[in-house]
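Chemist: Dropping the structure in here first, questions after.
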Amino acid sequence: MWTSIYIARNKKQADALKALLGGEGILVNAKSTSASSDGDGMYEIQVLESEVDEAQMILCQQAIK
Numbered sequence: 334m335w336t337s338i339y340i341a342r343n344k345k346q347a348d349a350l351k352a353l354l355g356g357e358g359i360l361v362n363a364k365s366t367s368a369s370s371d372g373d374g375m376y377e378i379q380v381l382e383s384e385v386d387e388a389q390m391i392l393c394q395q396a397i398k
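Per this note's numbering, residue 334 is the first one in the sequence shown, and the count goes up by one each step.
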């Protein structure tokens, strides 16, 4: 089951988070939650329920850097 762990502000941020988590071996899904007139909008970053803790740890470590 997919679990939302973050809301990205735009597609660029969603793609960066997907690359970060995917690079660590975590399956990631970015689901559009709203679309603006230019096709961009907010995205839910989702990971498998079994990988939530690891994904959150990776995001927290990245925020510290």
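Even glycine gets a Cβ: it sits at the ideal position worked out from N, Cα and C.
For a test of the three-state rule: what should DSSP assign to Ile359, helix, strand or coil?
Modeler: coil
Chemist: Who are the near neighbours of Ser420 in its chain, counting only those whose CB is closer than 7 Å to its CB and skipping five residues on each side?
Modeler: Lying outside 334 to 398, the shown extent of the chain, residue 420 is not represented and no answer is given.
Chemist: Enumerate in chain order the residues of its own chain whose CB-to-CB distance from Met334 is below 8 Å, with the five nearest sequence positions on each side excluded.
Modeler: Leu381 and Glu382
Chemist: Here's the rule: buried if 16 or more other CB atoms are within 10 angstroms of the residue's CB, otherwise exposed. What is Gln379?
Modeler: buried
Chemist: Which residues mark the beginning and the end of the beta strand (DSSP E) in which Glu377 is found?
Modeler: Tyr376 to Leu381
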